[in-house]
């Protein structure tokens, strides 16, 4: 069975759902545990909001993909942008390697899904 060039494979979709779910969990846990406990630059409003926004868009992106929404590719493109911004901000602040890696992985997966128009 050949895959259409316009439809992501089931494997790619599942991998993206997993990356989004993982990023959601890591960003939420990092914000609520590491950042709140570390204080200082970790709880500056812009950074903290970005972590929470990233967690939310990742969860929503996974949900849209799980429901086979016709809007999944649009949401994945936005999710990739938010994850890239979150990874860059966490990297700049430092001591947040797990979050940086989860965001980068999710951004890459979502970027691939977001470029597919299905």
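In the numbering used here, the protein residues as written are 20 to 137. Heads up, the beta-carbon is just placed ideally off N, CA and C, and yes, glycines get one too.
Whether residue i touches residue j by CB criterion (9 Å)
i: residue 77; j: residue 102; result: yes
i: residue 105; j: residue 118; result: yes
i: residue 35; j: residue 73; result: no
i: residue 121; j: residue 45; result: yes
i: residue 48; j: residue 114; result: no
Cβ neighbours of residue i in the same chain (closer than 8 Å, five flanking residues each side left out)
i: residue 55; result: 61, 62
i: residue 93; result: 133
Close Cβ partners of residue i (< 7 Å) along its chain, the five nearest in sequence each way excluded
i: residue 128; result: 34, 35, 38
i: residue 85; result: 36
i: residue 90; result: 83
Simplified DSSP assignment, three categories, for residue i
i: residue 59; result: helix
i: residue 108; result: helix
i: residue 90; result: coil
i: residue 128; result: helix
i: residue 133; result: helix
Beta-carbon proximity list for residue i, same chain, < 6 Å, skipping 5 on both sides
i: residue 126; result: 99, 102, 103
i: residue 81; result: 36, 39, 40
i: residue 112; result: 60
Backbone CA spacing between residue i and residue j [nearest angstrom]
i: residue 67; j: residue 88; result: 29 Å
i: residue 30; j: residue 124; result: 16 Å
Residue i CB to nearest heavy atom of the ligand MN below 8 Å
i: residue 30; result: Although the ligand MN was asked about, the structure shown includes no ligands whatsoever.
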